[in-house]
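Remarks on the structure that follows.
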């Protein structure tokens, strides 16, 4: 994303104050749950393909260093999904999967999520999903704005980008 497009995204604020309820702005929330699920599947595929490439490179490097960097390679592979999501949400407001399905991450007041807020949201995602074996994600079906627990705790909201 060019710098001027990123600046325009940060300046554009779909709402101020509290986010509008779905009844007042249905275009912000239309199909978010399904789109978010599909976007995550796309991101998982991208993470897997790039993770395989990273694993191959790290395996070759481990072989060339007689296994000296293997512990670091294991840590790098474990943190790869966190790095992927954090980079895209913090810098662009949406992962490639989210962009494909017209979604973006906003803070509660409608501004673009701050980088630390986006990173916090991803860390909370992995912690809550890991502790509840994905069951926590059913919360989106019962909240007014289709927010998951990690969205609520981080003060973020996933909405349609072009609404």
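In this note's numbering, the protein residues as written are 2 to 164. Cβ atoms here follow ideal geometry from the backbone N, Cα and C, with glycine treated the same way.
Here the region 64-83 does not lie against the region 91-105, with fewer than 3 beta-carbon pairs under 8 Å apart. Contact between the region 150-164 and the region 29-38 is established, with three or more Cβ pairs separated by less than 8 Å. Per DSSP, the unbroken beta strand (DSSP E) holding residue 161 starts and ends at 157-161. The region 86-93 makes no contact with the region 52-60: fewer than 3 CB pairs, one atom from each, lie closer than 8 Å.
As summarised for the region 61-104, the continuous alpha helix (DSSP H) elements at least 4 residues long and confined to that stretch are 71-93 and 97-101, given in chain order. Between the alpha carbons of residue 90 and residue 133 lies a gap of roughly 23 Å. When rounded, the separation of the alpha-carbon atoms in residue 146 and residue 23 is 7 Å. Counting along the chain, the unbroken alpha helix (DSSP H) around residue 126 starts and ends at 116-133. According to DSSP, residue pairing for residue 108 in a beta bridge involves 157. DSSP places residue 164 in the coil class of the three-state scheme, outside both helix and strand.
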